[in-house]
Each structure stands twice: as C-alpha cells, then as structure tokens.
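Each residue of the sequence shown is one higher than the one before, starting from 37 at the first, in my numbering.
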Amino acid sequence: MAVSSCSFPPRVFNAYSSFECRSDPDFSGTPAGEKPRIGSNRRVTASLFCTGGGGLSSLIFRFPPNFVRQLSVKARRNCSNIGVAQVVAASWSNGPTSGYPSSAAAAACQAAAASVPVSDGVAVVEGCIDNDSVQIGDSYDSKTSFLSSDGSITVHAGERLGRGIVTDAITTPVVNTSAYFFKKTQELIDFKEKRHTSFEYGRYGNPTTVVAEEKISALEGAESTLIMASGMCASTVMLMALVPAGGHIVTTTDCYRKTRIFIETILPKMGISATVIDPADVDGLESALNKNKVSLFFTESPTNPFLRCVDIEKVSKLCHSKGTLVCIDGTFATPLNQKALALGADLVLHSATKFIGGHNDVLAGCISGSEKLVTEIRTLHHILGGTLNPNAAYLIIRGMKTLHLRVQQQNSTALRMAEVLEAHPRVKRVYYPGLPSHPEHEIAKRQMTGFGGVVSFEVDGDLTTTIKFVDALKIPYIAPSFGGCESIVDPPAIMSYWYDNLSIYILLLFIYLVPVNIL
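Have a look at this one:
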C-alpha cells in the first residue's frame, strides 16, 4: 500500500454512536455477524489519512485478494481489470491562519508514514483493529481528529466515519418519519430505563438531523449541538432555558432587531431584566456584573448591522469570574472565521439560514457548547417544539459541504468591496471589521481568520438618495437575509426599522462575486 507524505500526525474523529452504522463497504469477506461496529465507547481512527500543503494527499489502496469475488457476476465483467484504486481527494486553499502544523509536526508525520510496515500491499497499524476499511480505536481526542482542516470537516464530519443510519450511500439519506417503533414491549421498557437507544418521537430527534448537528459540533469544537427550526428559535429557547425567572442578562446595543424585541418585551413578562451596553464597553459589563446577579451575557460578534466586534476572550474571563455564562451569536462570522468556544465562550449560536445553509433555501438555527448546557436547552426545546424538518436538515448538510469555499470567496470579495466603497466620494462611512478604520479592527484581527461576507455602509445623502442608489444596482436582490450565493442589498431603515422612524440610512450589502464597479 503506497502512502504519500503528509504533514499531520494521526487524527481521531468522534463518530455519532447512538445507532449502529457501517461507515464503509466491507470487501473483506468477514461474516456480517463478526463485523466491527461503532459503539458508544469506541471511536474510529484513520491514521493514514494525512493532509499537507493545502489539501489532502493522494492515497493508493490495493484491494484485498478476494475483492473480485465479492463483486456480482455482472460487475466482474465490467471491472475485471481492477487491481489498484487511487483515491484522490479534492484540494482547497486555506489561509495562513487556518491552523497548519509546524515543520516539526510535519517531520514527525513523515517519519511515521515512512515507518508504517507494509505486507502484501496492506498497511498494518499497531494498536488498531483492521477491517480492511477503517481502524477502530478505543480512545478519543477531539484535538487529534484526522479531519484536520475546516474544509475537510464541513465535507466529512458526521458522515465519513459513521452516522446513525445503516447505509452505504455517500450522501446522508433523509429519514422522513414522525415516530420510531419498538419491536417488543420489553424494548420500550429498556428505552425508558435507558438500556436501549431511540428517538421515540420526531420532536425529540431524527437521524438526518443528528448528522447536521455532528457536523456543526466538529466545526465548532463543541461537545454537543442542537439544531432548531430557525435562528430566532435557537435564541429564544436558549434565553428561556438558561435565565431563571427574575434573573438578569447583559446584552449589547447593536443586535438583531427581533432579538432586541424579545429581550425588551417578552423576557420582562417572566421577571427577567436586562442591561444593555456598547459592544466595546467592558467597564459597563463589569459594572453590570457587580450590581446584578447576571445569569448570561448574550451578544453578537460581529453585530448587526454595524459589525462591531466583542473581545470574546476578555469578556469570557470577566463573566466567568462572576459565575456568568457567555453566549456569542456568531452568524456574521461563521464557524470558519471565528471559533467562539475556543476563545472562552460557553455557547455559540448561529442562524444556519445564512452562511451555514448558504443557498437561500432553508431556515434553521443551531446552538453549540458543552453537553450539560446544550442538554438544558434541548429539554426545553422538546417541550416547546420548533423542530427542524429532516428535509431542511439535509439542505444544511448539503450546504455545509461548500461552506469553506464560499466563505473564503466571500471574505475576499467583501474586503475588496469595503476598500472600494471607503474610497468612494459618495459613500459617507463603511463599517467592516477588515478595515483599519473599524473601531474593533485589532480585536477582529486577533480572534477572526476572515472578516465575513457582509459590508455595512452609509450613502452620503438622505433616504431618497439611498433609494436611488439601491434601485440602480444590477446584481444584488433587494431582500432580507444574507449568506447565500446571491448578493443581497438590505436598507435597514426601510427593511427593518420602517416603523421606528430612524434617521439613519445604513445599507447592509451582502457580497459574493459582485463586480466592484457597481457604483
């Protein structure tokens, strides 16, 4: 078995294990009853999958001697000349801050690859059970997953090494069901006493949805993820689950309007009060923490619509010193540009409708964090509903497979557009974290690997001037939302704040492959 050089040490991936699954077709001839299965205490390793340079290396596998015998008669006629298969993975470009290993790590991996013993064209890896397709290990370390780049995670996580559906299909099937049956009453009793695993009812879970949750968890580095029917569903359920009646929260002045409405009008009915601070006002946060028993600090970063950035590491340390949880809405950042959990946040939330779905064809929201906190939210979610349809979950899975490519292009195009707009005489001001003129530019550089695909700016003129500008655009659609493959222009003074009589005319322009001469 020929293995090309690589620059990463062996990695381990945490496969979802509540259901039996087979991750790869078995050509070994082993009786079905003896096939290794992925159980709740086992993890799948793929120590020969290594990446380097900017993508996956090419791997050459020699099929087992009895491979041809495993084919049907018709297949043998068509494939009798197959002796060696070459698996070539598509490569992609990662930025310099994508987490490439050091040269020492690369040398270590190359040395490990060179020392792998080979016999009869099959590589032998010590400490693993070989079933000719995957290696089964007994330990799990999320930091050593062979899915070592965000690009490979968005494509393979939750699927490549096992999922809660027994199938050889590459794509995850859509399981359209509202309920799950039990073979015998005893199996139902075992389920109730936690000796048997089942979703039981559609509101409590779905195998297709679980794949989407596992993929997002892997990308965020989270223990658990809960996906729901929309971003607002995720926000409201999270707030109600984690903030007790009579509790207090801290949030920021710049945030999604519907979130602010919920905090200002719905939470007070439960006796929950809020302190609102500027995103950069760390002293204001500390004062609120000292004056109140604060349960949660909830903010966006970057925020909507001014793209303000919160120093996540700093506020997390401050809040944790007072026993306060931190939840970051990272919708504008995406999990590729910003790892809020790694920076110290307890929870990270996304409107998966936007960049994660990425095609303007699905509504969804997700929240990721520790198993303990997500379980608290999940318990309330099972009561309130807001369940994501499995067909929508499939669209999220499908959309995530190109997330890394889309975000890279959007980052690049948005930065270029922001620079052009900032230099234009008819543009009063541009708000984009990638510009040195942005008030939190230095913070953004520290905690983000890219600055996102949304640019906010003010046209130098009144509402009439702004309308003329918007109507003259040829490519962007006038619409809410963002994050899809189509460019969108959103004048919040009309789209979001028409009834608030605001005198500010900010344009949110979502950028994706938009020519820079639209002005």
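Backbone N, C-alpha and C define an ideal beta-carbon position, used for all residues, glycine too.
Predicted, not measured: the structure shown is a model, and the values here were computed from it.
For residue i and chain C, any beta-carbon pair shorter than 8 Å?
i: Lys375; result: No chain C is present in this structure, which holds just one protein chain.
Can you look up residue i in the DSSP assignment and give me helix, strand or coil?
i: Glu494; result: strand
i: Ile403; result: strand
i: Phe333; result: strand
i: Thr501; result: helix
i: Asp186; result: helix
i: Ile524; result: strand
i: Ser561; result: Residue 561 lies beyond the stretch modelled for the chain, which goes from 37 to 555, so this question has no answer here.
i: Val312; result: strand
i: Arg465; result: strand
i: Thr207; result: coil
i: Tyr240; result: helix
i: Leu451; result: helix
i: Ala515; result: coil
i: His395; result: coil
i: Thr221; result: helix
i: Lys251; result: helix
i: Cys363; result: strand
i: Ala378; result: coil
i: Val10; result: Because the chain here runs from 37 to 555, residue 10 falls outside it and cannot be looked at.
i: His474; result: coil
i: Val202; result: coil
i: Leu383; result: strand
i: Ala215; result: strand
i: Asn340; result: coil
i: Tyr430; result: helix
i: Gly507; result: Before going on, a small fix: residue 507 reads as Asp here, not Gly. Asp507 falls in the helix class under three-state DSSP.
i: Cys269; result: helix
Can you give the Cα-Cα distance for residue i and residue j, rounded to whole angstroms?
i: Gly282; j: Met306; result: 7 Å
i: Pro516; j: Val525; result: 8 Å
i: Ser185; j: Pro371; result: 12 Å
i: Phe217; j: Phe227; result: 11 Å
i: Ile225; j: Tyr240; result: 18 Å
i: Asp62; j: Ala376; result: At Asp62, the pLDDT of 42 sits below 50, so the modelled position is not reliable and the matter cannot be decided from this model.
i: Ile514; j: Ala215; result: 41 Å
i: Arg23; j: His395; result: It is not possible to answer for residue 23, since the shown part of the chain is limited to 37 through 555.
i: Pro528; j: Gly422; result: 27 Å
i: Gly497; j: Lys504; result: 10 Å
i: Cys355; j: Asn340; result: 22 Å
i: His284; j: Val312; result: 11 Å
i: Asn326; j: Ala316; result: 18 Å
i: Met453; j: Thr233; result: 51 Å
i: Thr438; j: Ile201; result: 23 Å
i: Cys521; j: Glu300; result: 34 Å
i: Asp397; j: Pro426; result: 14 Å
i: Thr501; j: Lys329; result: 47 Å
i: Phe493; j: Ser523; result: 15 Å
i: Met264; j: Leu399; result: 9 Å
i: Met274; j: Ile419; result: 13 Å
i: Gln374; j: Leu385; result: 12 Å
i: Glu229; j: Met436; result: 36 Å
i: Asp314; j: Pro338; result: 13 Å
i: Val495; j: Thr208; result: 46 Å
Does the Cβ of residue i have 16 or more other Cβ atoms within 10 Å, making it buried, or fewer, making it exposed?
i: Ala324; result: buried
i: Glu407; result: exposed
i: Tyr467; result: buried
i: Asp382; result: buried
i: Thr244; result: buried
i: Ile206; result: exposed
i: Pro472; result: exposed
i: Gly488; result: buried
i: Pro512; result: buried
i: Gln222; result: exposed
i: Asn212; result: exposed
i: Pro304; result: exposed
i: Ala459; result: exposed
i: Pro461; result: exposed
i: Thr389; result: buried
i: Gly359; result: exposed
i: Glu478; result: exposed
i: Arg199; result: buried
i: Ile302; result: exposed
Please check the pair residue i and residue j, which I expect to be a contact at CB under 8 Å, by giving their CB distance rounded to whole angstroms.
i: Ile432; j: Leu262; result: The pair is not a contact, with the Cβ atoms about 13 Å apart (cut-off 8 Å).
i: Gly238; j: His440; result: So it is not a contact: roughly 31 Å between Cβ atoms.
i: Phe368; j: Val490; result: 6 Å
Stretch pair the stretch 268-280 + the stretch 398-410: three plus CB contacts closer than 8 Å: yes
Between the stretch 253-266 and the stretch 195-214, are three or more C-beta pairs nearer than 8 Å? no
Cβ contact (3+ pairs, closer than 8 Å) linking the stretch 335-344 and the stretch 283-292: Segments in contact, yes.
Please determine if the stretch 437-447 and the stretch 316-330 are in contact, where contact requires at least 3 C-beta pairs separated by less than 8 Å. By the Cβ rule, the stretch 437-447 does not count as touching the stretch 316-330, because fewer than three pairs are nearer than 8 Å.
Three or more beta-carbon pairs under 8 Å between the stretch 330-341 and the stretch 351-367, yes or no? Output reads yes: the stretch 351-367 touches the stretch 330-341.
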